[in-house]
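What follows is one structure encoded as structure tokens, with my remarks underneath.
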Amino acid sequence: MMGPTVIRVGETVAPHQAFADYLDGRSAVIHRVALTIAEASSGPILVVTLADDQVVRWPLRDLRTIPDQAGKNQLVITSKDAPLGRLIVEDAETQRLLKARSPNLRQRPPVRGRGRIFAWSIAALASVGLIVFVLVPAMADQLAEYLPPDGEKALGDTTFEQIRNALSENEFNPVKICEDRAGMAALEQMQSRLEDETDLPYPLSVLVLDHEMVNAFALPGGRIVLFRGLIKAAETPDEVAAVLAHEIGHVVNRDPARGALRSAGSIGVLGLIFGDFAGGAAVLFMVERLIDATYSQSAEAAADSFAHDLLISGGIPPAALADFFERLRARYGDQDGIVAHFMAHPGLGDRIAKARAANSRMVGAIRPSLGELDWQDLRGICANDEG
Amino acid sequence: MFRLALVSSVLTVLTLGIYRFWMKTRLRRYYWSAIRPGGLPLEYVGEPIEKLLGFLIAVVILAFYIGVVNLILMFLSFSLLQGNFAAYALSLVGVIPVGFYARYRARRYILARSRWRGLRFGLAPGAWGYAGRALLHWSITILSLGLLWPRMTFKLEKYRTDRTFFGTEQFNQGGRWQMLYPVFVPFVAGLVVLGLALGLWAGGFLVPAVLAGLAGVIATLLGLLHYKVQSFRLLSNAKTLGNIGFSSNPRTWRVMGIYTFGNLVVGICMVGLAFALFAVLGSIAGSAVGGLGELDLEEMATGIPVWIGTALALISYFVFFVSWGVLQQVFITLPLARHYVETLKITGAEGLSSVRQRDRDEFTEAEGFAEALDLGAAI
């Protein structure tokens with residue numbers, strides 16, 4: 004059953020009336036006020052009547068709420084033209100009316116100072132870019148020259164432990180250093196063969212880590228690390244010697260010391276930007292790789308060309324490097340998969356071509372870097388470890 | 025609250041951290057509005073954009089400082105001392121004064137953007153003064169083997185409080201630093217027990233030493249918590265704002281209960297989540313292996329599954345951290361804030377009517393330094 008429809012003639016319906024707390028934004032006084040909505044030609048207006056009959060008029064289209072409020076029974080309202088004023092409405096019916104009739108309640112004030120934000124964003128990016136890509140590398144290059152050999156060795160030792168820990172599956176089971184006696188002797192033979200041709204402020208220290216990665220790297224202070232996977236992937240001792248010569252090139256050019264100093268500077272800066280939120284560490288790591296990769300391009304080329312000369316003067320054909328890279332490429336493709344390390348290197352094809360070209364400069368007699376027996380020993384360098 | 029924390033955390037991750045300024049603003053708005061002295065909510069009116077701007081400004085300045093200083097320190101440390109420990113220690117020491125400075129500035133920003141009864145709070149400038157005093161008091165505390173810690177707590181709190189305003193009215197920190205000693209005793213007692221345990225160990229009494237050590241660690245931690253909670257109570261009670269006084273009564277056991285229960289709930293949820301993630305990852309990995317069953321191992325390791333694996337690992341990592349942050353907010357930060365506020369009474373609020381509005385503190389760099397140095401980690 005529907006109720007009867009009442010049609011009033013004469014005076015309009017008494018408008019909704021309620022009470023609320025009003026803060027004028029000038030003093031701490033809480034005004035208890037009466038609220039009504041007046042219909043004007045310009046649109047409905049919220050009329051706020053104070054105790055001393057002073058009246059504040061806020062057009063409904065100017066009303067704004069304060070977002071993210073915890074108290075669900077309170078509606079806090081302000082007006083666009085009186086940003087310090089506040090009305091705290093607790094009456095449910097008034098809240099319903101205001102929400103229904105104020106069109107812009109959820110609109111936020113326009114963002115001020117867009118230009119300034121933009122300018123400072125550019126400035127921040129530029130200064131971080133300048134520091135990470137120009138200033139820190141330049142300083143690292145300079146300082147690496149002055150780093151005394153002892154200091155460089157200490158830096159290398161620290162870095163080596165960090166890398167070893169990162170490769171290990173857990174702290175209690177670090178990646179083993181391979182130390183089969185015969186294998187060590189073979190490695191030493193190969194090392195001294197190449198070392199005799201160079202002039203370094205400290206002795207090289209070459210070791211093999213028991214890890215299947217096909218990789219090798221040089222650390223500050225003349226420390227060179229080969230992985231078991233690399234020795235396994237090589238088919239002749241000359242190929243291992245070629246990789247070793249390449250890493251010696253890095254040591255001679257002091258690339259590892261530069262890299263370590265560089266990351267000391269840039270990690271702090273990047274941590275500043277990404278440090279605060281959950282994925283900070285991951286992003287940091289990726290950006291770090293990026294920096295490494297960009298700096299390595301020329302350093303790798305230099306190490307390669309050093310390796311060519313070193314191999315030639317040692318009587319080992321540089322083509323061994325090309326053979327090795329070609330096998331890697333055939334097996335894993337250019338620049339992906341397990342050869343992730345070589346992402347930091349110039350295109351393999353280019354390097355292969357350069358190594359082949361260097362081969363033509365080979366004049367003296369070819370002397371294999373290791374005899375067949377020694378080569379078998381080297382391949383077994385990780386075999387005799389206990390466990 | 026749960027939804028607000030969750031949505032804003034997810035957005036923060038999706039925007040590579042840029043949304044965190046919005047997240048902080050929204051969480052603060054929520055917390056402030058949940059505190060209603062005399063029935064009227066506090067209001068937080070800070071803008072995310074100004075936080076972003078402040079952060080950018082701080083980055084420009086700090087990037088130079090940290091990048092270059094770290095590099096030089098690393099070089100010096102390795103060339104002179106053959107180790108990197110000195111570099112880390114020095115670079116930390118170099119950041120400490122900036123840290124105090126940043127904290128004071130952040131407090132000033134937050135107060136300038138907080139309102140109650142329509143009036144702004146405020147903190148008078150004085151960040152370098154604060155940093156200098158903080159360094160001095162820390163040195164004194166360390167030199168006195170911690171015995172003058174309460175003095176530092178009081179003096180620094182007084183420095184901050186006496187510069188805090190509500191509208192035109194200034195806060196005042198009354199009392200004396202000696203009043204904090206009674207609540208400092210349990211912590212010292214815990215340390216004494218620890219010392220005793222060390223003595224027993226040296227004397228060769230192993231079992232009693234271990235027992236005493238255990239008791240000492242628990243007593244020290246409880247004592248520290250007791251000192252934190254109760255020194256807050258004593259300092260609050262000694263504060264005045266014109267004719268207004270405060271009466272705070274937080275309970276150490278309750279705070280410890282919140283920490284214990286909160287961490288327990290968070291822990292259980294996280295373990296559950298970890299199991300769920302592993303189950304999901306396991307089933308995905310299982311189906312991937314099933315599909316590639318014919319191929320040899322090496323090919324599989326180098327093929328697409330590696331990328332999928334990495335992506336999944338990244339996603340789980342984010343899910344894990346987001347959930348952790350959200351649960352922390354819901355089960356620890358919020359209950360703690362509630363307890364402190366519920367046990368705080370304001371007396372003599374009638375005198376407030378005469379307080380007038382204070383001018384806006386523009387403060388371009390907002391809390392940028394604290395943000396960049398990762399000091400305002402909570403909210």
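The listed protein sequences derive, respectively, from chains A and B.
Note that the working numbering has the first sequence beginning at 4, numbered continuously upward.
Note that the working numbering has the second sequence beginning at 25, numbered continuously upward.
Note that the Cβ used here is the ideal one computed from N, Cα and C, for glycine as well.
*Indicate the three-state DSSP secondary structure (helix, strand or coil) for B/R257 in the structure shown.*
Helix, per DSSP.
*Cut-off 7 Å between Cβ atoms - residues of its own chain near B/A373, not counting five sequence neighbours on either side*: Excluding residues within five positions, the ones whose Cβ falls inside 7 Å are G62 and I268.
*List the residues of chain B that A/M142 touches, going by C-beta distances under 8 Å, in chain order.*
Within chain B, the C-beta atoms nearer than 8 Å to that of A/M142 come from V92, L95 and I96, in chain order.
*Name the chain B residues whose beta carbon is nearer than 7 Å to that of A/A244?*
Those do not exist, as A/A244 stays about 26 Å from chain B at its closest Cβ, beyond 7 Å.
*Are the region 374–382 of chain B and the region 270–278 of chain B in contact at 8 Å, needing three or more beta carbon pairs?*
Contact between the region 374–382 of chain B and the region 270–278 of chain B is absent, because fewer than three Cβ pairs lie under 8 Å.
_Reduced DSSP category for B/Y55 - H, G, I as helix; E, B as strand; rest coil_ = In this structure, B/Y55 counts as helix in the three-state DSSP scheme.
*Give the residues from the region 365–396 of chain B that approach chain A closer than 8 Å (Cβ to any Cβ), ordered along the chain.*
Listed by position along the chain: L376, S377, S378, V379, R380, Q381, E395 and A396.
_In this structure, how does DSSP classify A/H214 when only helix, strand and coil are distinguished?_
In the structure shown, A/H214 sits in coil (DSSP, three-state: anything other than H, G, I, E or B).
*asked:* Under 9 Å, CB to CB, which of the residues in the region 102–121 of chain A have a partner in chain B?
replied: Contact residues of the region 102–121 of chain A toward chain B are P112, V114, R115, G116, R117, R119 and I120 (C-beta to C-beta distance below 9 Å).
*Indicate whether B/A361 and B/Y133 have their beta-carbon atoms separated by less than 7 Å.*
For B/A361 and B/Y133, no; Cβs fall outside 7 Å.
*For A/D24, does the three-state DSSP call read helix, strand or coil?*
The answer is strand: DSSP assigns A/D24 an E or B state.
*With a cut-off of 8 Å, do at least 3 Cβ pairs link the region 308–325 of chain A to the region 357–375 of chain A?*
Yes, they touch.
_Quick check: B/G142 and A/R67, are their CB atoms within less than 7 Å of each other?_
At a Cβ-Cβ threshold of 7 Å, B/G142 and A/R67 do not count as neighbours.
*asked:* Just verifying my parser: in three-state terms, what is the DSSP assignment at A/I120?
replied: DSSP places A/I120 in helix when its eight states are reduced to three.
*Using the rule of at least 16 other Cβ atoms within 10 Å of the residue's Cβ for burial, across every protein chain shown, is B/T357 buried or exposed?*
Under this definition B/T357 is a buried residue.
*asked:* Taking only three categories from DSSP, how would you classify A/E238?
replied: In this structure, A/E238 counts as coil in the three-state DSSP scheme.
*By the 10 Å Cβ neighbour count, where 16 or more other Cβ atoms means buried, how is B/L86 classified, buried or exposed?*
The residue is buried, with at least 16 neighbouring Cβ atoms inside 10 Å.
_A/C181, DSSP secondary structure in three states_ = Three-state DSSP puts A/C181 in a strand.
*From the DSSP output, which residues share a beta bridge with B/R382?*
DSSP lists no partner for B/R382.
*Can a CB atom of chain B be found closer than 7 Å to the CB of A/D353?*
Any Cβ of chain B closer than 7 Å to the Cβ of A/D353 would place that residue at the interface, and such an atom is absent.
*Return the residues of the region 30–48 of chain A that lie within a Cβ-Cβ distance of less than 9 Å from chain B, sorted by chain order.*
Residues S30, A31, V32 and I33.
*asked:* As a quick exercise: from A/P240, A/D258 and A/D56, pick the residue whose alpha carbon is nearest that of A/A221.
replied: The residue with the shortest Cα to Cα distance from A/A221 is A/D258.
*With DSSP run on the structure shown, which of helix, strand or coil describes A/E34?*
The sequence shown places His at residue 34 of chain A, rather than the Glu named in the question. For A/H34, the secondary structure class from DSSP, reduced to helix, strand or coil, is strand.
_Under the three-state DSSP convention, the category B/N196 falls into_ = Three-state DSSP puts B/N196 in a strand.
_Contact with chain A by B/F256, beta-carbon distance below 7 Å_ = Interface with chain A (7 Å Cβ-Cβ cutoff): B/F256 is excluded.
*Option in A/S124, A/E250, A/L150 and A/D213 with minimal Cα separation from A/Q194*: Nearest of A/S124, A/E250, A/L150 and A/D213 to A/Q194, Cα basis: A/E250.
*Tell me whether B/Y364 is buried or exposed, calling it buried when 16 or more other Cβ atoms sit within 10 Å of its Cβ.*
Buried, by the Cβ-count rule.
*Closest by CA to B/M203, which one among B/Y183, B/I73, B/D186 and B/M176?*
The shortest CA-to-CA distance from B/M203 to any of B/Y183, B/I73, B/D186 and B/M176 is the one to B/M176.
*asked:* In the DSSP output, which residue or residues are listed as bridge partners for A/F230?
replied: As DSSP reads the structure, A/F230 sits in a beta bridge with A/L212.
_Residue range of the unbroken alpha helix (DSSP H) whose run includes A/R67_ = No alpha helix (DSSP H) contains A/R67, which is instead part of the beta strand (DSSP E) from L66 to T68.
*Return the chain-ordered list of same chain residues with a C-beta closer than 6 Å to the C-beta of A/A306, the five sequence neighbours on each side being excluded.*
So the list reads H249, G252 and H253, once near-sequence residues are dropped.
*Are A/D241 and A/A333 touching if we call contact CB-CB under 7 Å?*
For A/D241 and A/A333, no; Cβs fall outside 7 Å.
*At what residue ranges does the region 58–92 of chain B contain a whole run of the alpha helix (DSSP H), taking only runs of 4 or more?*
Counting only runs of 4 or more, we get nothing.
*Show which residues of chain B have a CB atom less than 8 Å away from the CB atom of A/P70.*
The contacting residues are R50 and R53.
*Measure from the alpha carbon of A/A236 to the alpha carbon of each residue in A/P223, A/G225 and A/M216, then state which is nearest.*
A/M216 is the residue among A/P223, A/G225 and A/M216 whose C-alpha sits nearest the C-alpha of A/A236.
_Rounded to whole angstroms, what is the Cα-Cα separation between B/K48 and A/A260?_
About 41 Å.
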